[in-house]
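Trainee: Top to bottom, those sequences are chains A and B. The first sequence begins at 2 in the numbering used here and counts up one residue at a time. The second sequence begins at 244 in the numbering used here and counts up one residue at a time. The structure that follows is given in the form of structure tokens.
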Amino acid sequence: MTRYGMVFDIKRCIGCNACTVACKQENSLPDGVFFTRTLSAESGEYPNVSRTYLPTICNHCEDAPCEKVCPSGATWTRDDGIVMVDGDKCIGCGSCAVACPYDMRTQIEETQITNGLFGDGKLTPFEEQGYSRFECGSFTKCDFCSERVDGGLDPACVATCPTDARVFGDLDDPDSKVSRLIRDRMGRQPLPEKNTRPKVYYID
Amino acid sequence: MFKVSLKNVLRPGFAGGTFKSGYRFQKYWDTPMATAFFCGETGAGLFIVSMLMDFLPGIILGLLITGVGKTFFHLTHMGVPSKAWRALLRPDRSWISRGLWGIVFFVGFGSIHVLGMLFNVVPAGLESAVYILAIAGAMVVVTYQGFAMSHSTAISFWSTGLMPISSMLYGLLMGTSLVLVLSLLGFSISNPEYFSMVGLAQIALIIAVQICLLSLLHGAKNGSKGAQQSYILLVKDFLARPFLFGVVGIGSIIPLLILLFIPTNFITSLIVTGCIMLGFYLFRLLIFKAGVLDPILSPADIFKR
């Protein structure tokens with residue numbers, strides 16, 4: 002059975018945040034809402050200092066804490082492992098947001114929708130079309146661009162990455178690129194001690 | 244005074260809403276949710292203590308605090324309050340859902356019990372069933388919020404079995420304190436022996452709360468990195484003043500000293516209850532404010548750079 006996952010190659014990531022922009026465009030995300038971010042972290046001491054870029058995204062955990070705590074059944078997992086949120090069912094209680102160790106849940110506030118990206122209260126045709134998918138007050142998150150995946154495409158962040166730092170594929174297929182990268186380069190999951198079994202791996 | 248401001252989230256190690264890797268504050272459960280938790284535990288605690296003593300004013304007040312106060316603040320907090328009923332749908336997995344069922348049972352059967360006490364409308368055979376269901380609902384309400392917090396491992400400071408215990412201890416402490424104040428206001432307790440018993444219970448509960456607070460801090464200090472950050476925030480950083488002076492000092496040490504060394508009268512009882520109430524409310528608020536998420540990935544730790 003297919004089980005989608007993603008691998009981030011930290012050596013390849015240059016911190017350009019093209020993935021962040023592509024995600025915002027693909028999902029028509031309002032101002033201040035991000036489904037993916039590339040964080041930066043400095044390590045070492047002068048003069049031996051290095052900066053690492055850490056792409057982050059919803060980890061679509063096998064044992065998703067956001068799904069377990071959701072009282073309304075708005076969060077659910079597809080057969081292919083993608084964790085989804087049904088905005089129509091979400092009551093905006095925030096339990097998923099405090100249960101997610103990765104801080105990957107965002108609440109859509111009314112002002113984010115009504116003010117528009119330019120902050121003048123006028124929505125562009127792009128915003129009008131895109132914001133219709135959001136319910137004010139509900140929580141939302143990355144769904145691995147499920148419409149694109151269903152159509153046989155990679156998620157927008159993967160497709161746009163100029164350095165191939167993001168790889169998407171089937172974790173259950175031992176010959177897939179993601180499986181090989183995890184196996185050959187010792188892929189590590191974020192915060193494994195939280196027992197959420199993420200389907201996103203980091204390689205160095 | 245202890246607002247999670249930009250200045251505070253941009254302190255070293257804390258990432259806030261930026262594109263830096265680091266600790267992050269949980270920001271979605273804030274004052275309205277803390278107030279709802281406070282109302283739920285206070286109302287249910289008062290109801291349980293009053294039910295055990297057949298103290299009608301306390302039973303009615305407990306029902307009102309939970310039924311009206313808690314409901315109002317939950318709806319204020321909720322992003323889509325018109326769909327609040329949907330929270331009833333997943334009691335099999337969600338503590339929020341179980342808690343809502345608890346509120347339904349507590350307020351529903353508690354109200355029927357009150358009607359039975361006032362107008363004898365409950366058939367004789369059903370009285371004890373209504374009583375048990377109302378108490379069971381109240382027990383769920385007084386503890387579920389702690390379970391909801393401790394259920395998730397995301398915020399290490401909350402992920403401890405002490406959360407439901409602290410909820411219940413504070414709820415029962417508020418219950419005993421309010422019963423004493425109400426009885427001194429002129430609402431008589433049916434059995435006078437109960438009065439001294441509740442007084443002793445109040446002292447025991449304050450001591451239990453103090454032990455629970457110490458255990459929470461001890462666990463956080465020696466816990467994971469996120470929990471240690473919460474400990475530092477509460478004891479050494481910008482939350483230290485309200486926590487140490489408000490929750491520990493005014494909320495538990497001063498009431499204990501008053502109860503041990505000053506004879507009980509209406510004024511002292513009122514001061515003690517006010518102090519406990521303030522301490523409990525600050526506790527609820529600060530536990531939320533001190534909720535810290537671990538850094539998503541630390542290259543230094545994970546990749547040994």
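Think of the CB as a built atom: it goes at the ideal place given N, C-alpha and C, for glycine as much as any other residue.
Judging by CA-CA distance, which residue of Glu370(B), Val364(B), Gly389(B) and Gly418(B) is the nearest neighbour of threonine 516(B)?
Mentor: Mapped onto the second sequence, residue 516(B) falls at position 273. Answer by Cα proximity: Gly418(B).
Trainee: Could you tell me whether the segment 433–443 of chain B touches the segment 476–491 of chain B, using the rule of 3 or more Cβ pairs below 8 Å?
Mentor: Contact fails: fewer than three Cβ-Cβ distances are below 8 Å.
Trainee: In its own chain, which residues sit with a C-beta less than 6 Å from the C-beta of proline 275(B), not counting the 5 before and 5 after it?
Mentor: Position 32 of the second sequence holds residue 275(B). Excluding sequence neighbours, proline 275(B) sits near Phe316, Thr319 and His320.
Trainee: Fully enclosed by the segment 259–283 of chain B, which alpha helix (DSSP H) runs are 4 residues long or longer?
Mentor: Taking only runs of at least 4 residues, no alpha helix (DSSP H) segment lies wholly in the segment 259–283 of chain B.
Trainee: Evaluate the contact criterion for the segment 366–375 of chain B versus the segment 336–346 of chain B: three or more CB pairs, one atom per stretch, below 8 Å.
Mentor: Touching, no, given that fewer than three Cβ pairs across the two stretches are closer than 8 Å.
Trainee: Kindly indicate which three-state DSSP category tryptophan 344(B) falls into: helix, strand or coil?
Mentor: Translated into positions along the second sequence, residue 344(B) becomes position 101. DSSP places tryptophan 344(B) in helix when its eight states are reduced to three.
Trainee: I'd like to check one pair, leucine 448(B) with leucine 405(B): are the Cβ atoms closer than 9 Å?
Mentor: Taking the first residue of the second sequence as 1, we reach residue 405(B) at position 162. Taking the first residue of the second sequence as 1, we reach residue 448(B) at position 205. No, the pair does not count as a contact, with Cβ atoms beyond the cut-off.
Trainee: Between the C-alpha atoms of glycine 380(B) and tryptophan 344(B), what's the straight-line distance to the nearest angstrom?
Mentor: Mapped onto the second sequence, residue 380(B) falls at position 137. Mapped onto the second sequence, residue 344(B) falls at position 101. Approximately 8 Å, taken between the alpha carbons.
Trainee: In this structure, does DSSP put glutamate 136(A) in helix, strand or coil?
Mentor: The residue given as residue 136(A) occupies position 135 in the first sequence. Three-state result, glutamate 136(A): coil.
Trainee: Please report whether the beta-carbon of glutamate 46(A) lies at a distance below 9 Å from any beta-carbon of chain B.
Mentor: To locate residue 46(A), count along the first sequence from 1; it is residue 45. No, glutamate 46(A) does not count as interfacial toward chain B.
Trainee: Tell me the rounded alpha-carbon separation between serine 248(B) and glycine 469(B).
Mentor: Mapped onto the second sequence, residue 248(B) falls at position 5. Mapped onto the second sequence, residue 469(B) falls at position 226. For serine 248(B), the predicted structure reports a pLDDT of 46, less than 50, and the residue's modelled location is therefore unreliable. The matter cannot be settled from this model.
Trainee: Given this structure, state the Cα-to-Cα distance separating cysteine 137(A) from cysteine 67(A), to the nearest angstrom.
Mentor: Here residue 137(A) refers to the residue found at position 136 of the first sequence. Here residue 67(A) refers to the residue found at position 66 of the first sequence. In a straight line, the C-alpha of cysteine 137(A) is about 19 Å away from that of cysteine 67(A).
Trainee: Against chain A, does leucine 253(B) count as a neighbour if the rule is that its beta carbon must be under 9 Å from one of theirs?
Mentor: Position 10 of the second sequence, counting from 1, holds the residue named residue 253(B). Low confidence applies to leucine 253(B): its pLDDT is 43, below 50, so where it sits in the model is not reliable enough to give any reading.
Trainee: Contact criterion: CB-CB distance below 9 Å. Does alanine 19(A) meet it with respect to chain B?
Mentor: To locate residue 19(A), count along the first sequence from 1; it is residue 18. Output row for alanine 19(A): interface = no.
Trainee: How would you call tryptophan 328(B), buried or exposed, if buried means at least 16 neighbouring beta carbons within 10 angstroms?
Mentor: Within the second sequence, residue 328(B) is the residue found at index 85, counting from 1. Tryptophan 328(B) should be labelled exposed.
Trainee: Comparing the C-beta of alanine 327(B) with each C-beta of chain A, is any distance below 9 Å?
Mentor: Position 84 of the second sequence, counting from 1, holds the residue named residue 327(B). So yes, alanine 327(B) belongs to the interface.
Trainee: Listing by chain order, which chain B residues have their CB less than 8 Å from the CB of glutamate 136(A)?
Mentor: Position 135 of the first sequence, counting from 1, holds the residue named residue 136(A). Chain B residues near glutamate 136(A): Val323.
Trainee: Counting C-beta neighbours from all protein chains within 10 Å, is the total for lysine 479(B) 16 or more, i.e. buried, or is it exposed?
Mentor: Residue numbering aside, residue 479(B) sits at position 236 when the second sequence is read from its first letter. That one is exposed.
Trainee: Counting along the chain, where does the alpha helix (DSSP H) carrying glutamate 1(A) start and finish?
Mentor: Nothing in the structure corresponds to residue 1(A), since chain A is present only between 2 and 205.
Trainee: If you compare alpha carbons, which of Gln453(B), Leu500(B), Leu482(B) and Ala463(B) is closest to tyrosine 474(B)?
Mentor: Stepping through the second sequence from its first residue, residue 474(B) is reached at position 231. Looking at the Cα atoms, Ala463(B) is the closest of the given residues.
Trainee: Please tell me whether methionine 360(B) has its Cβ less than 9 Å away from any Cβ of chain A.
Mentor: Position 117 of the second sequence, counted from the start, is the residue given in the question as residue 360(B). By this cut-off, methionine 360(B) is not an interface position.
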